[in-house]
Amino acid sequence: MDRPLRLVAANPLDRLARTLEALLVVASQPLPVEELAEAAAEDSERVEMALGLLTERFQEGRSGIVLEQVAGGWAFRASREAAEACSRMFERPVERGLSQAAMETLAVVAYLGPCSRPEIARLRGVAVDSVVAGLAERGLIAEAGREEGGAVRYRTTPLFERVFGLESLSVLPRLDDLGEVDDIRERLESLAEKRPA
Amino acid sequence: MPVRELDLDLEAFEGPFDLLLALVLRDELDLGEVDIAGIVLAFLERLAEREELDLDACGEFLVLVAALLELKARALLAGDEPDLEDLDPAQAAEELARRLADYRRIKEAASWLVDRLDEESDRYFRIGPAPLAPRVERKLASQDPAELGAILRLLTAEPPAVSLAHLELRFPPVEQFLGRFRSLLARRSRFDFDTEVNGLTRVEQAVAFLALLELRKAGEIELSQAATFAPIRVQRKTETKTERKDTWTARSA
Numbered sequence: 028m029d030r031p032l033r034l035v036a037a038n039p040l041d042r043l044a045r046t047l048e049a050l051l052v053v054a055s056q057p058l059p060v061e062e063l064a065e066a067a068a069e070d071s072e073r074v075e076m077a078l079g080l081l082t083e084r085f086q087e088g089r090s091g092i093v094l095e096q097v098a099g100g101w102a103f104r105a106s107r108e109a110a111e112a113c114s115r116m117f118e119r120p121v122e123r124g125l126s127q128a129a130m131e132t133l134a135v136v137a138y139l140g141p142c143s144r145p146e147i148a149r150l151r152g153v154a155v156d157s158v159v160a161g162l163a164e165r166g167l168i169a170e171a172g173r174e175e176g177g178a179v180r181y182r183t184t185p186l187f188e189r190v191f192g193l194e195s196l197s198v199l200p201r202l203d204d205l206g207e208v209d210d211i212r213e214r215l216e217s218l219a220e221k222r223p224a
Numbered sequence: 004m005p006v007r008e009l010d011l012d013l014e015a016f017e018g019p020f021d022l023l024l025a026l027v028l029r030d031e032l033d034l035g036e037v038d039i040a041g042i043v044l045a046f047l048e049r050l051a052e053r054e055e056l057d058l059d060a061c062g063e064f065l066v067l068v069a070a071l072l073e074l075k076a077r078a079l080l081a082g083d084e085p086d087l088e089d090l091d092p093a094q095a096a097e098e099l100a101r102r103l104a105d106y107r108r109i110k111e112a113a114s115w116l117v118d119r120l121d122e123e124s125d126r127y128f129r130i131g132p133a134p135l136a137p138r139v140e141r142k143l144a145s146q147d148p149a150e151l152g153a154i155l156r157l158l159t160a161e162p163p164a165v166s167l168a169h170l171e172l173r174f175p176p177v178e179q180f181l182g183r184f185r186s187l188l189a190r191r192s193r194f195d196f197d198t199e200v201n202g203l204t205r206v207e208q209a210v211a212f213l214a215l216l217e218l219r220k221a222g223e224i225e226l227s228q229a230a231t232f233a234p235i236r237v238q239r240k241t242e243t244k245t246e247r248k249d250t251w252t253a254r255s256a
């Protein structure tokens, strides 16, 4: 708020920023830089500079609308301080009541996708048909072609990345970093040491 | 220390060990969800509290846990995958360990997602169908109604009749040549076929040749040729054959 806005009003970059702002407020999905550049008839580099301006303007604590980089593009969302008010007015139907089975299936698809139901079932050890159907209905996963054998393959959607606040799937932590196996081994070993020989 | 009274506090189950076994055997609890390492830890912790080693309890526990592990392994390997029995024990153990490790990682990933969702639960954003992209306008050249009319008139005009004359083959009757050759033979004992048909169309020549073959078949004439493609000579047959000629004429009449 301490920025004197009048000084930048005549700046052509600020004009581009206003155009992008307009595009983002109409869009219901994150917009990649290339799409913004095409719609604004500008080159990507200048669009990124203008997005920098907007990020500064629309940030937590400064604005009720926050500009964020999510799901491979740029999008507006409500500020976190307004979340309580939002929760009184709006549902979050996509993520409400996701079961443990659904989260595991989602994890398989996010990490190993595109993958088919038989592949997911093999990893989880149980049939996953209804879970997969439920996730697809919520829009968190979608069909992505077929295997050679004809089984439909699934991948996560941009909505999944948006709901989980991921810039892209590449920001998911590596599977190897998650394992707790070593932890169990350590606990077993410490118990073994405690026992009298 | 009776093993069945072992108190368990697992993610999927809380209560005594024997209840867990009962639930699993009645299919009311999915073994895939049960952390067997947790059971082992609970047992070892209880064991560690004791002064002396309870061999009976250890033996009973080993048998039960081995059974549970086998059940869980079978459940995890269910489906059209090769059975563990088809693999040799070392391979089976390796495969099982690999799958369990995979599954554990997936569970970790899932719990990371759960935490993430919790952290991000105060994110509100607009979800909805994307506004339609503008329709691409197709540019047409300027149109003149008179020109369009002229083109339509061309289309409505009756097309010129196509001549099929070239397709028609007019075959003169074979009888015509039969008669002609017979009358010729009445006057002359022999004639030259090529000279006779000279000046006729190809079709007429062909029919004339058919007539010649008919006469030959009836035994009325004899055909000879000096060489291949040489002029065909036609000669009237001697009187002995005229009887046959009569029978043929009678039959054909």
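If you read the protein sequences in the order shown, they are chains A and B.
Here our numbering is used: position 61 in the first sequence is 88, and no number is missing along the way.
Here our numbering is used: position 98 in the second sequence is 101, and no number is missing along the way.
Just so it is clear, CB atoms sit at the ideal spot from N, CA and C, and this is done for glycine as well.
By the CB criterion at 8 Å, LEU34/B and LEU71/B fall inside the cutoff. At the C-beta level, LEU162/A and ALA129/A come within 8 Å of one another.
Considered as a whole, the segment 202-227 of chain B harbours no complete run of any beta strand (DSSP E) with no fewer than 3 residues. Cβ-Cβ separation between ALA98/A and GLU188/A: approximately 4 Å, consistent with a contact (criterion under 8 Å). Counting every other CB atom within 10 Å of its CB across the protein chains shown gives VAL27/B a total of 16 or more, marking it as buried. What PRO200/A touches in chain B, judged by beta-carbon distance under 7 Å, is TRP115, going in chain order.
Taking 8 Å as the CB threshold, ASP33/B lines the interface with chain A. From the beta-carbon of ARG151/A, the residues of chain B found nearer than 8 Å are GLY35, TYR106, ILE109.
Not one beta carbon of chain B lies nearer than 8 Å to the beta carbon of SER143/A. CA-to-CA, the gap between GLU122/A and VAL190/A works out to about 8 Å. Judged by beta-carbon spacing, PHE174/B lies beyond the 8 Å limit of VAL200/B, meaning their Cβ atoms are not closer than that value.
Between the alpha carbons of LEU13/B and ASP30/B lies a distance of about 18 Å. Each residue's CA atom was taken as its position, placing ASP41/A and ALA77/A some 7 Å apart.
Any Cβ of chain A closer than 8 Å to the Cβ of ALA100/B would place that residue at the interface, and such an atom is absent.
Only PHE117, ARG119, VAL121, GLU122, LEU125, GLN127, MET130, GLU131, LEU133, ALA134, VAL135 from the segment 116-136 of chain A bring a Cβ to less than 8 Å from some Cβ of chain B. Beyond the five residues adjoining it in sequence on each side, ALA137/A comes within less than 8 Å, by CB distance, of THR183, PHE187, LEU196, LEU199 in the same chain, given in chain order. Non-local C-beta neighbours of ALA178/A in its own chain, meaning closer than 7 Å and more than five positions away in sequence, comprise SER143, ARG144, PRO145, ordered along the chain.
Annotation for GLU63/B: VAL6 place their beta carbon closer than 8 Å to its own, counting only its chain and skipping 5 residues before and after. According to the DSSP assignment, LEU65/B belongs to the alpha helix (DSSP H) that extends over 58-79.
With a contact defined as Cβ atoms closer than 8 Å, ALA102/A and GLY91/A miss out at about 15 Å.
Secondary structure of GLY152/B (DSSP, three-state): helix. Collapsing the DSSP output to three states places GLU54/B in coil. Burial is judged here by how many other beta carbons sit within 10 angstroms of a residue's own beta carbon; ARG183/B has fewer than 16 and is exposed.
For ASP195/B, the CB contacts under 8 Å within the same chain, skipping 5 residues up- and downstream, are PRO234, ILE235, ARG236, VAL237 in chain order.
Counting the other CB atoms within 10 Å of its CB gives VAL210/B a total of 16 or more, which places it among the buried residues. Against chain A, the beta carbon of LEU120/B has neighbours under 7 Å at GLU122, PHE191, listed in chain order.
The bridge partners DSSP lists for GLU170/A are TYR181/A.
Annotation: the continuous alpha helix (DSSP H) that includes PHE196/B extends over 196-200. If you ignore the 5 residues before and after GLU69/A, its C-beta comes within less than 7 Å of the C-beta of LEU43, all in its own chain and listed in chain order.
Counting only residues of its own chain and dropping the five nearest sequence neighbours on each side, LEU103/B has no CB closer than 6 Å to any other CB. A Cβ-Cβ distance of about 17 Å is found for the pair GLY124/A and ARG126/B, leaving them out of contact under the 8 Å criterion. The criterion of a C-beta distance shorter than 8 Å is not satisfied by LEU155/B and VAL177/B. Take the alpha-carbon of ASP105/B and the one of ALA105/A: they are about 37 Å apart. 8 Å or more divides the Cβ of ALA67/A from the Cβ of LEU94/A. The alpha carbon of VAL155/A has as its nearest neighbour, out of LEU133/A, ARG173/A, ALA171/A, the alpha carbon of LEU133/A. By the rule that beta-carbons nearer than 8 Å mark a contact, ASP125/B touches chain A.
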